[in-house]
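Respectively, the protein sequence lines represent chains A and B.
For the first sequence, our numbering begins at 65 and goes up steadily by one.
For the second sequence, our numbering begins at 65 and goes up steadily by one.
Have a look at the structure below, then the notes.
There are 2 protein chains.
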Amino acid sequence: MDGDHPPTRWDEQWDVVVIGSGFAGLAAAIEAKLAGSSVVVLEKMKGCGGNSFICDGVMAAPGTTMQRNAGIQDSPDNMYEDMMQAGERLNQPSLVRVVVENAADAFRWTRDFLGVRYLDRVDQFGGHSVPRCYTTHNRSGSAIVGKMFAKLEALGIRLRTRVRLQTLLRDEDGRVRGVRARKGYEYPREDSGVVVHIQARRAVVLATGGFANDIPFRTAQDPRLDERIDSTNKFSTTAEGLREAMRIGGLPVHLSRIQLGPWTSPDEKRYGIGPDFASYIAFPYGVLVNPSTGRRIVNELADRKIRADAILATGNPCVAVADVKGIQRSGRTIDHCLKKGVVKAFANLEDVAEHYSIPREPFLSTVRRFNGYVRSERDEEWGKPVVEGTAPLETPPFHCIRLWPKVHHTMGGILIDTDARVLDLSKRPIPGLYAAGEVAGGVHGACRLGSCAITDCLVLGRIAGKQAARGGSAP
Amino acid sequence: MDGDHPPTRWDEQWDVVVIGSGFAGLAAAIEAKLAGSSVVVLEKMKGCGGNSFICDGVMAAPGTTMQRNAGIQDSPDNMYEDMMQAGERLNQPSLVRVVVENAADAFRWTRDFLGVRYLDRVDQFGGHSVPRCYTTHNRSGSAIVGKMFAKLEALGIRLRTRVRLQTLLRDEDGRVRGVRARKGYEYPREDSGVVVHIQARRAVVLATGGFANDIPFRTAQDPRLDERIDSTNKFSTTAEGLREAMRIGGLPVHLSRIQLGPWTSPDEKRYGIGPDFASYIAFPYGVLVNPSTGRRIVNELADRKIRADAILATGNPCVAVADVKGIQRSGRTIDHCLKKGVVKAFANLEDVAEHYSIPREPFLSTVRRFNGYVRSERDEEWGKPVVEGTAPLETPPFHCIRLWPKVHHTMGGILIDTDARVLDLSKRPIPGLYAAGEVAGGVHGACRLGSCAITDCLVLGRIAGKQAARGGSAP
């Protein structure tokens, strides 16, 4: 073992060392710098921004001017209650409170301080009791991350790529003093690059993200999530930062709460575009069928977890079917899905059965029964609410997508307090170590609501940066 | 810090050191001794047997002679599927497989080798697809633990009480070599007793049980479970053994999966006798009412988790009500509950309302509506199935119990493999360390089925003992 004590000589020295360049890490870096610290951000990949760069760029905040202008009544208390309900009340109340109380300020900060532009709309995502979700102008997290990069540059903060955390280094008293890292690291070769020792005179901020793509780590908690399950995340979202925090005694919480999306297709990588068709057309207006039996497997409008579990339980990708009336009713176009081949069109249901090797008679009988439920406005099999305007599935062309769940978000992580300090197995802060973003746990409990991740990352990332800057006993 | 390296001189030396004297620890001790090792069992409390001693003594096993004699078809595959379904398939399949394949043998072992006597009946507990549950003659785990004590004595195994694990000691290579403990420990004074160093020449077996009564540890995972929530367990079920395994790098799984019983009363300690009335009379034939509103809060026959969550969400103990016809229909007597005062009898519903400060009109209207559902055999509010023979709630005396959930079992723990070796954060075995029973995780996933804990403890405890005996590089 190399040990984890500080070296006799540091290769580099900074006040605050931030690990990870997504929302949380960049927010921490900016605040730490503004508070007077020298700061370096270490990013293991060649490209910066982590998973934040490819997310959909939707952020939740209560009590904003945009809500007021739209006549929407909202408050931190409302959002608190929504997050606690979704989280099955496993969330740490104090962390949720901090997130909702500081959400509107973090939103203004992105707009007024960073210069992020948002679409002129306020959306209501699933599980939110009112519209409070704001979408960046390019519908991507890159709009925020890009502005953060610019701010780093303006502030003179060093952002170093291909530097991978190897070991958190602690002194005799257990205080984190810096990191051993690999400089010139080439993903995924663990022994690539050269070892460097980087001192954090004040603190280390861990912002290494979730572990959606760490198959050994995630299968310990949920053995279903083996290599047959893709992820909506960048491939580099692995658990080494979280493991390091656990190794030095950080307390992990909610690790087995891993969110799967039921709307993803095995016929494209990551999130893709298939969810546009699945979520907005096939689930509300069509059916989801197990091709091995030709039968429906779930209420197509049940929550994410129920639907994803149902598909996984069949052991094979399932087929979602809608007819052209469903598409019309949704008011959407799916040309991009057809063009990519993720959604396929068929002249009749027999062709659907043949193409996907679905037993024909059971499948046709499933559609007949479903059409009966649509007419009677009562789904006697699965209790799916019949959405207004749903028509029987009988107007060609029929459009289909294969669906197989992908890992979307890992709610679990290392427990932090409201100052973003990492807590040990007895809930005492580990001196010199802060964490924020998906690597931290306790904010979302059993289930994260859509659009709350950016809020979480920005609010607690900013806190981590401010606290790290003042938090150390600089020598 | 005292450090966790072996001392220059050991106070005691054994081949195998077992921590904990419940089912798992005793089974490990017996097998290790039979395999030729010298063995000591360390128990922190004055009394031995831990929580195993007070449990209900029901064990599940498939494919037994008792089943065959009763004409019951069963197999390890059946039990595997039942456990995986209950566990939401978060269970480690290989561990479940080991438990179900060795369950019948472990059951025979208790009967033929230990001499445990069972009632002549095979019961079907909730979640089991067939009857496969066997109850000890005195309806208590003490019947098994008692025979195990006798076997330890016959085999000359030392069982030492009031010796509390403090630190797992490791050599330079990370191999567990023994323990630092406190001898003469007086619960709960952590600094009581004197420090001793006990060498484990071959291995340490951790069998320290669950953490149902460890409030700081359990609230990290589920903040609702604060000091206002009791437990059905012995007060000494705390997490120090699990924390030690985590401290040296063991991988915890499913820590946030904590099972609450909805059938317990705040008017008595631990499991008590109230569940006899709640489970078999009030839930099937009566109603469960929130005294703050006078309204029902849940389908009284929903699963444990749904019911416990519903009661917790009200913020106060709820009142379950049945009339005398419900009691008659159940075929049970509740004199013991009335005598203890856990269940109270009232001449009319108005008196019930007054006694529990339930708003009278809403409460009477709740009962009237419920009686309508009974007559129409359809519960339009909560969808509770109307059990055959249910009568409207109108025949005095009315019997009531206050209910408030208690922590019953902690599914999470340190991950082990099928040899009961403790796995580290990269899923490599930690040399010299085994675990079994409730401190280990991965067997039950999201939810343990009733009667599967004894099976788990005995099967994996025996394996841990056999492996520990051969597992070491004895010097």
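Ideal Cβ placement from N, Cα and C applies to all residues, glycine included.
Predicted model, so just to flag it, every value in this text is computed and none were measured.
The C-beta of B:Leu497 comes no closer than 8 Å to any C-beta of chain A.
In summary, no residue of the region 330–357 of chain B has a CB separated from any CB of chain A by less than 8 Å.
Note that the C-beta distance between A:Met310 and B:Leu489 is below 8 Å. With a 10 Å radius around the Cβ and a threshold of 16 neighbouring Cβ atoms, B:Arg307 comes out buried. Put simply, the backbone Cα of B:Lys448 is about 26 Å away from that of A:Ala510. One finds nothing in chain B with a Cβ atom closer than 9 Å to the Cβ of A:Ser440; even the nearest lies about 19 Å away. For B:Met123, there is no enclosing alpha helix (DSSP H); the residue is part of the beta strand (DSSP E) that begins and ends at Val122 to Ala124.
Only residues of its own chain outside the window of five on either side were considered, and among them Pro339, Ala342 and Ser343 have a CB closer than 6 Å to the CB of A:Trp327, listed in chain order. Residue environment: A:Ile370 is assigned as exposed (fewer than 16 neighbouring CB atoms within 10 Å of its CB, all protein chains considered).
Contact annotation: B:Asn142 and B:Val194 have beta-carbon atoms nearer than 8 Å.
Against A:Gln230, chain B offers no close residue; the least beta-carbon distance is about 14 Å (beta-carbon pairs closer than 8 Å). For a Cβ distance threshold of 7 Å, residue set Leu154, Val317, His318, Ser320 and Arg321 of chain B lies close to A:Ser320, ordered along the chain. One finds nothing in chain B with a Cβ atom closer than 7 Å to the Cβ of A:Arg371; even the nearest lies about 14 Å away. When DSSP states are grouped into helix, strand and coil, B:Asn354 belongs to the strand group. No Cβ of chain B is located within less than 8 Å of the beta carbon of A:Met212.
A:Trp173 sits in a helix when the DSSP states are folded into three classes.
Along the region 270–286 of chain B, going in chain order, the ones with a CB nearer than 7 Å to a CB of chain A are Pro280, Ala284, Gln285 and Asp286. Per the C-alpha coordinates, the member of A:Asn133, A:Glu364 and A:Trp74 positioned closest to A:Val451 is A:Glu364.
Taking all protein chains in view, the Cβ of B:Ala374 is crowded by 16 or more other Cβ atoms within 10 Å, so the residue is classified as buried. The way I'd put it, the region 196–212 of chain A does touch the region 110–120 of chain A; three or more beta-carbon pairs between them come closer than 8 Å.
Every alpha helix (DSSP H) stretch that sits fully inside the region 196–278 of chain A and reaches 4 residues is listed by chain position as 206–219. Under the three-state reduction of DSSP, B:Lys408 is assigned to strand. B:Pro326 is outside the set of residues whose beta carbon lies under 8 Å from a beta carbon in chain A. For B:Tyr498, the enclosing beta strand (DSSP E) stretches over residues Pro493 to Ala499. With fewer than 16 other Cβ atoms from the protein chains shown falling within 10 Å of its own Cβ, B:Phe177 counts as exposed. Counting along the chain, A:Asp340 sits inside the alpha helix (DSSP H) bounded by residues Gly338 to Phe341. In the displayed model, A:Gly525 falls within a helix according to three-state DSSP.
Rounded to the nearest angstrom, the gap between the Cα atoms of B:Arg73 and A:Glu236 is 24 Å. When only Cα atoms are considered, A:Glu254 and A:Leu229 end up about 10 Å apart.
Rounded to whole angstroms, B:Phe347 and B:Ala366 show a C-alpha spacing of 9 Å. Ranked by Cα distance from A:Val163, the first of A:Asp483, A:Ile494, A:Gly535 and A:Val438 is A:Asp483. Proximity of chain B to A:Arg307 at the Cβ level (cut-off 8 Å) is accounted for by Leu489 and Ser490, in chain order.
Of all residues in the region 453–464 of chain B, none comes within less than 9 Å of chain A when Cβ atoms are compared. If you compare the alpha carbons of B:Gly506, B:Gly67, B:Leu352 and B:Gln188 with that of B:Cys382, the shortest gap goes to B:Leu352. As DSSP reads the structure, A:Glu76 sits in a beta bridge with A:Ile262. In this structure, B:Arg224 is the residue among B:Thr474, B:Arg185, B:Arg224 and B:Asp138 with its C-alpha nearest to the C-alpha of B:Val104.
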